[in-house]
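Asks: One structure, pasted below without further comment.
Protein chains: 2
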Amino acid sequence: MAVNLHIPSESDIFAVNGVEIGIAEAGIRKAGRRDLTVFRLVEGAQVAGVFTRNRFRAAPVQVCEQHLAAGKGIRALVINTGNANAGTGEPGLQATRRTCDELAGLLGLSPEQILPFSTGVILEPLPVDRLVAALPAAIAGLDAGQWFAAAHSIMTTDTQPKIHSRRIALDGVTVTITGISKGAGMIRPNMATMLGFLATDAAIDGALLAGLTREIADRSFNRITVDGDTSTNDSFIIMATGQSGAPVVASRNDPRFATLQQALTEAALELAQKIVRDAEGATKFMTIRVEQAASPEEALKVAYAIAQSPLVKTAFYASDPNLGRILCAIGYAGIDDLDVGKVSLWLGDTLVASRGERHPDYQEEDGQRVMKEPEIDVRVALGRGEASETVYTCDFSHEYVSINADYRS
Amino acid sequence: MAVNLHIPSESDIFAVNGVEIGIAEAGIRKAGRRDLTVFRLVEGAQVAGVFTRNRFRAAPVQVCEQHLAAGKGIRALVINTGNANAGTGEPGLQATRRTCDELAGLLGLSPEQILPFSTGVILEPLPVDRLVAALPAAIAGLDAGQWFAAAHSIMTTDTQPKIHSRRIALDGVTVTITGISKGAGMIRPNMATMLGFLATDAAIDGALLAGLTREIADRSFNRITVDGDTSTNDSFIIMATGQSGAPVVASRNDPRFATLQQALTEAALELAQKIVRDAEGATKFMTIRVEQAASPEEALKVAYAIAQSPLVKTAFYASDPNLGRILCAIGYAGIDDLDVGKVSLWLGDTLVASRGERHPDYQEEDGQRVMKEPEIDVRVALGRGEASETVYTCDFSHEYVSINADYRS
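So the protein lines, in turn, are chains E and B. Numbering follows numbering that gives the first Met the number 0, with no gaps: position 161 of the first sequence is 160. Numbering follows numbering that gives the first Met the number 0, with no gaps: position 1 of the second sequence is 0.
Here's what the structure looks like:
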């Protein structure tokens, strides 16, 4: 029941020069499921990543950070579903290191050139023997045309694959950007139970890419919330292979930087929004925009208070314009000196409340009409300053409870 | 489907000397429902209150604070259900003031001696004409034996009345403590969509009672959460009529202070826990205790992160010991320098995780056994210090979604 989640056709997905993908069945949690994905990158590719801020960082997240810091040039990624390898202590780290060692041996790389990722159940040992045994099959299938298959193989409770591809011209050279993501619950900024992998054949300086990756995460995957839970495994990776033939973008002053930045940001936002559209049990997609805040932090506080309120989310599920629940969330968002007499609230184009109270012209039918749409814009003006922020979320349904009550069974 | 919510028999509820209660049908939202409650207090009663910290404070909350500050001696309370009179601006304040004026006229008091309370839907005008028209009927029924009826008449989405009564000896004099509360959703500390009224015939100095009321709120109504929403109308009131014959407790050094403090705190905690037990859709009652924290604030952060995680709450609903979700919540609670290697987790008496990972002796059957109980203790040790805090919450069920998606219809 994903909300307006566009699944492109195979022909709309462009391979990225310098990226090959192989997939296999490792039987991590269930047999007969393609649960292991390997990315191989051409030599010289630049890779940057952003990881969860949860203090319980999964073993693969810890190893990713070490390997990125080692600076030996990332040449492969390995991703398993079915087990998060989180809360698994030293044995979990050993399992991840063994995965990297084995893959490095098979590909003729050093272990520090591998980035590992896991997603699935927390607090259970990773069946690393089964994972390692399936690596040769994944490698045997390495091929540039496997993006769609990869979007499928990294899914957990996702109902739909999440994939996006585009081409841009960079000074007359065609550059490809293709990415996949996964995630449906335990979704909140910094980051979500999500994995996002974005590749381009553009060439970009490594240090510049690292900063850009962080900025892009903040404007995409860090602006979505489903249930307010930040997972142990969230990872977002940008890979730039440099194989398009376009010259290296080496500084922010390079006129091509802005073009590339915008295209990568749009692609990441698209992949992030797909996670919300396919969120567990979602029937509505909501864009929450908070304007006239004194600071971006303040705007985000209010946006998240609204986006994460179970009462607001169930009202959207019911298409019930019970909009006092939104005012209530604004009121407890944590702005101590908020003057509620300056607050306005719009639902779509309808002005619901102004000066902190119901607007005299507001008719419940108008609210009802907007609430019945599958895509709803909520806009709040705080009357405090110039900052504004936008957050994306979904409603809260019976289906969410069913999925999360039954996930492991 | 309330969880182990004890409803005492009529004979276990003691009237409080100096308190009379009258109830009427005002037709605020629906006809044929007893939705208006008036408390009349004897002259000389001391009254103190604690109110929501939501910036959208309902009109009655604003008026309560003004009237308590006026210092003329509170002599009556008036409570309506069906409409919260919140987000209603100046007309809402006028409606509340008119309610107080009319009741004051009928009882021969000044308006500043009245405390008004409203609970129900936000952002809709209070039908004050209907409310005022029913005041004479409520007054005509004033009687000391109406506590049970009052517990019923202040209910909204509550499925059960919440009432508690006890007697203690204060230096040989019998003192009565009786209270009622309401609330089932939009429940979170500071405070909940809750109303709590606690009365005693003990005599206590007014300033002392004001401080004590705040402390008691912090140890009872401010330690419960259902869905993380803090409402616009939360109010907790303690009334001390001084009619028991026991001498006035005038200082903290008075040996009777500790006895009274403990009895009032226990009564308030009982009323607060009843709200969680009757929480919308609850099937489990959970006590979350966080120990070895560096500060009480830190312990509360972790306890609330666990108590408010939809993933944790749905796992409890499913009796699924998916305990990695608890570790995950600890990890994102906001303690930046948390050493996860020092974290332990118990479910009931079962040690689930130690040193941040699954304990080697932990068996899933043991977790499953505890999870199936209707009352579950979760205990976390952070290994950082001496502070500990306890929070009470419930699980998250299909029924919660149904209730909140259908509330207004």
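The C-beta atom is built at its ideal place from N, Cα and C for all residues, glycine as well.
Give the interface partners of E356(E) over in chain B, defined as CB-CB distance under 9 Å, in chain order.
Replies: The contacting residues are G86, T87, G88, E89, P90, G91, L122.
Asks: Determine, for L337(B), whether the minimum Cβ-Cβ distance to residues of chain E falls below 7 Å.
Replies: Chain E contact via Cβ: present.
Asks: Pick out the complete beta strand (DSSP E) segments inside the segment 338 to 397 of chain B, 3 residues or longer, and give them in chain order.
Replies: With a minimum length of 3 residues, the continuous beta strand (DSSP E) runs that stay inside the segment 338 to 397 of chain B are 343 to 346, 349 to 353, 374 to 380, 386 to 393.
Asks: Starting from Y316(B), find everything on chain E with Cβ-Cβ shorter than 8 Å and list it in chain order.
Replies: Residues of chain E passing the Cβ test: V400, A404.
Asks: Where do the N-terminal and C-terminal ends of the beta strand (DSSP E) with T80(B) fall, by residue?
Replies: Start and end: 75 to 82.
Asks: So with Cβ pairs under 7 Å, would you call T313(E) a contact of chain B?
Replies: Yes, its Cβ sits closer than 7 Å to a Cβ of chain B.
Asks: Buried or exposed for P59(B), please, with buried defined as at least 16 other CB atoms from any protein chain shown within 10 angstroms of its CB.
Replies: By the 10 Å Cβ count, P59(B) comes out buried.
Asks: Quick test of the definition: if touching needs 3 or more C-beta pairs under 8 Å, does the segment 245 to 259 of chain E touch the segment 193 to 212 of chain E?
Replies: At 8 Å Cβ cutoff, the stretches touch.
Asks: List the residues of chain B whose Cβ lies closer than 7 Å to the Cβ of L322(E), in chain order.
Replies: Within chain B, the residues near L322(E) are L122.
Asks: Restricting to runs no shorter than 4 residues, where is the alpha helix (DSSP H) found entirely within the segment 22 to 73 of chain E?
Replies: List check, alpha helix (DSSP H) in window: 58 to 69.
Asks: At what residue ranges does the segment 280 to 338 of chain B contain a whole run of the beta strand (DSSP E), taking only runs of 3 or more?
Replies: Listed in chain order, the complete beta strand (DSSP E) runs (minimum 3 residues) inside the segment 280 to 338 of chain B are 284 to 292.
Asks: List the residues that DSSP assigns as beta-bridge partners of V172(B).
Replies: L169(B).
Asks: Of all the beta strand (DSSP E) runs that stay within the bounds of the segment 90 to 141 of chain B, which reach a length of 3 or more residues?
Replies: Qualifying beta strand (DSSP E) stretches, in chain order: 113 to 120.
Asks: Can you give me the start and stop residues for the alpha helix (DSSP H) that L4(E) sits inside?
Replies: No alpha helix (DSSP H) contains L4(E), which DSSP labels as neither H nor E.
Asks: G241(B) and A202(B): beta carbons closer than 7 Å?
Replies: Taking 7 Å as the Cβ cut-off, G241(B) and A202(B) qualify as a contacting pair.
Asks: On the criterion of 16 or more Cβ atoms from any shown chain inside 10 Å, does K371(B) qualify as buried, or is it exposed?
Replies: It counts as exposed.
Asks: What's the gap between the Cα of R54(B) and the Cα of V37(E)?
Replies: So the alpha carbons of these two residues sit roughly 51 Å apart.
Asks: With a threshold of 7 Å between beta carbons, is G366(E) in contact with chain B?
Replies: Output row for G366(E): interface = no.
Asks: Taking beta-carbon pairs under 9 Å, can you tell me which members of the segment 42 to 59 of chain E lie near chain B?
Replies: Flagged, chain order: T51, R52, N53, R54, F55, R56.
Asks: What would DSSP say about F256(B), mapped onto helix, strand or coil?
Replies: In this structure, F256(B) counts as helix in the three-state DSSP scheme.
Asks: Looking at chain B, is there any beta carbon in it that lies within less than 7 Å of the beta carbon of G119(E)?
Replies: By this cut-off, G119(E) is not an interface position.
Asks: To the nearest angstrom, how far is it from the Cα of S164(B) to the Cα of R368(E)?
Replies: So the alpha carbons of these two residues sit roughly 48 Å apart.
Asks: Locate the alpha helix (DSSP H) running through S152(E), then write down its first and last residues.
Replies: 146 to 152 is the extent of the alpha helix (DSSP H) around S152(E).
Asks: Within 10 angstroms of its Cβ, does K161(E) collect 16 or more other Cβ (buried), or is it exposed?
Replies: Classification for K161(E): buried.
Asks: In three-state DSSP terms, what is G178(B)?
Replies: G178(B): strand per DSSP, three-state reduction.
Asks: Could you give the distance in angstroms between the alpha-carbon of T231(E) and the alpha-carbon of A68(E)?
Replies: One C-alpha to the other measures close to 20 Å.
Asks: Which residue's Cα is closest to the Cα of E385(B): S353(B), P295(B), Y399(B)?
Replies: Comparing Cα positions, the closest option is P295(B).
Asks: Could you tell me how far apart the beta carbons of E24(B) and D34(B) are, in whole angstroms, since I believe they sit closer than 8 Å?
Replies: So it is a contact: roughly 7 Å between Cβ atoms.
Asks: Apart from the five residues just before and just after D365(B), which ones in its own chain have a Cβ nearer than 6 Å to its Cβ?
Replies: Only T349 meet the Cβ criterion.
Asks: Who are the neighbours of T231(B) on chain E, taking C-beta pairs under 7 Å?
Replies: Correct list: C327, G330.
Asks: Would you identify the three-state DSSP class for F235(B), choosing helix, strand or coil?
Replies: The answer is strand: DSSP assigns F235(B) an E or B state.
Asks: Indicate whether at least one CB of chain E lies closer than 7 Å to the CB of H151(B).
Replies: For H151(B), the answer is no, since every Cβ of chain E falls outside 7 Å of its Cβ.
Asks: When we look at the beta-carbon of I6(B) and count the other beta-carbons within 10 Å, is it buried (16 or more) or exposed?
Replies: Looking at its Cβ environment, which holds fewer than 16 other Cβ atoms inside 10 Å, I6(B) is exposed.
Asks: Any idea what DSSP makes of F196(B), helix, strand or coil?
Replies: Strand, per DSSP.
Asks: Taking only the alpha-carbon atoms, compute the straight-line gap between L344(E) and L322(E) and give it to the nearest angstrom.
Replies: Taking the straight line from one Cα to the other gives about 9 Å.
Asks: Does DSSP put E265(E) in a helix, a strand or coil?
Replies: Residue state, collapsed to three classes: helix.
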